[in-house]
Amino acid sequence: MSKRESYEQKTEMLLVPILEEFGFDLWDVEYVKEGSEYYLRAYIDKEGGITIDDCVDVSRKLSDKLDEDDFIEGEYILEVSSPGLGRALKRDRDYEKSIGREIDLKLYKAIDKVKEFTGILKLYDKDKIVVTIDDEDKEFLKSDLASVKLHVEF
């Protein structure tokens with residue numbers, strides 16, 4: 218397991234009880250380097266959406282827990298936020314919550330000169346997803362997907 222994966226997993230273990238206390242859901246945790254800075258990001262959600270105050274409350278409690286356990290080497294910036302309307306689908310639980318919803322897919326390699334698709338998520342398993350596009354079910358291997366996000370209508 219990489220350092221990044223270890224940090225994310227340990228953070229998730231600290232975060233889940235905090236979220237249960239507030240009645241919130243965990244969407245994702247990521248530890249990333251952007252420029253010269255490291256960021257530990259927690260994306261949280263609840264029915265009806267997350268507010269700034271929700272993020273502040275969770276951030277304070279999580280920060281205290283992270284300070285107690287002190288397992289992350291070096292400096293980092295903690296961010297707690299909503300995953301946003303066009304949230305990325307990464308884990309099985311993300312796909313499960315999104316069945317029947319409209320999604321946007323981007324492929325690494327084009328199919329018939331097309332790399333981006335929008336359709337309704339119908340099924341998923343560990344290797345593939347099935348999306349209804351123009352009343353036709355199309356199967357995509359997860360390994361071919363550069364990104365999958367909930368569709369946002371502007």
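For what it's worth, my numbering labels the leading residue of the sequence shown as 218, then goes sequentially.
Virtual Cβ for every residue (Gly too), placed ideally from N, Cα, C.
Alpha carbon to alpha carbon, how far is Leu362 from Ile316? In the sequence shown, the residue the question calls residue 362 occupies position 145. In the sequence shown, the residue the question calls residue 316 occupies position 99. Rounded to whole angstroms, Leu362 to Ile316 spans 17 Å at the Cα level.
Determine the closest residue to Gly291 out of Met218, Val275, Leu257 and Lys355, with distance taken between C-alpha atoms. Locating residue 291 in the sequence shown gives position 74, counting from the first residue. Sorting Met218, Val275, Leu257 and Lys355 by C-alpha distance to the C-alpha of Gly291 places Leu257 at the top.
Whole-Å CB distance - Gly336 paired with Glu319, under 8 Å assumed: The residue labelled residue 336 in the question sits at position 119 within the sequence shown. The residue labelled residue 319 in the question sits at position 102 within the sequence shown. Yes, Gly336 and Glu319 are in contact; Cβ-Cβ is about 7 Å, under 8 Å.
Could you tell me which of Glu353, Val348, Val369 and Val246 sits nearest to Leu279, measuring between CA atoms? Here residue 279 corresponds to residue number 62 of the sequence shown, with the count starting at 1. Out of Glu353, Val348, Val369 and Val246, Val246 has the C-alpha closest to the C-alpha of Leu279.
Looking at the structure shown, is Glu293 part of a helix, part of a strand, or coil, going by DSSP? Walking along the sequence shown from the start, residue 293 turns up at place 76. For the record, residue 293 in the displayed sequence is Tyr; it is not Glu. In the structure shown, Tyr293 adopts coil according to DSSP, grouped into three states.
According to DSSP, is Phe239 part of a helix, a strand, or is it coil? Sequence index remark: in the sequence shown, residue 239 carries index 22 (1-based). Helix at Phe239.
Using DSSP with H/G/I as helix, E/B as strand and the rest coil, what is Val246? What you label residue 246 is simply residue 29 of the sequence shown in a count that begins at 1. DSSP, reduced to helix, strand and coil, places Val246 within a strand of the structure shown.
Between the Cα of Leu338 and those of Arg277, Lys326, Ala327 and Asp351, spot the shortest distance and give me the residue it belongs to. Within the sequence shown, residue 338 is the residue found at index 121, counting from 1. Ranking the options by Cα distance to Leu338, first place goes to Asp351.
Can you tell me whether Phe371 is buried or exposed, with buried defined as 16 or more other CB within 10 angstroms of its CB? Position 154 of the sequence shown, counting from 1, holds the residue named residue 371. Label assigned to Phe371: exposed.
Check whether the stretch 273-287 and the stretch 222-241 are in contact - that is, three or more C-beta pairs closer than 8 Å. Taking 8 Å as the limit for Cβ pairs, the verdict is that the stretch 222-241 does touch the stretch 273-287.
Could you check the C-alpha separation between Tyr341 and Val347 for me, to the nearest Å? As a first step, residue 341 must be located in the sequence shown, where it is residue number 124. As a first step, residue 347 must be located in the sequence shown, where it is residue number 130. Going from the Cα of Tyr341 to the Cα of Val347 covers about 6 Å.
Under 8 Å, do Val308 and Leu367 count as touching if we go by C-beta distance? Residue 308 sits at position 91 when you count from the first residue of the sequence shown. Residue 367 sits at position 150 when you count from the first residue of the sequence shown. This sequence places Arg at residue 308; Val is not what is there. Their beta carbons are not under 8 Å apart, which means Arg308 does not touch Leu367 by this criterion.
How about Val273 and Ile235: are their beta carbons less than 8 Å apart? Locating residue 273 in the sequence shown gives position 56, where the first residue counts as 1. Locating residue 235 in the sequence shown gives position 18, where the first residue counts as 1. No; because the gap between Cβ atoms is not below 8 Å, this pair is not in contact.
Asp262 - partner residues in DSSP beta bridges: Position 45 of the sequence shown holds residue 262. Bridge partners of Asp262: Asp242.
Name the two residues that bound the continuous beta strand (DSSP E) containing Lys339. Mapped onto the sequence shown, residue 339 falls at position 122. Unbroken beta strand (DSSP E) run through Lys339: Val331 to Tyr341.
In angstroms, rounded to a whole number, what distance separates the CA positions of Glu353 and Asp344? Numbered from 1 along the sequence shown, position 136 holds the residue referred to as residue 353. Numbered from 1 along the sequence shown, position 127 holds the residue referred to as residue 344. Computed Cα separation, rounded: 20 Å.
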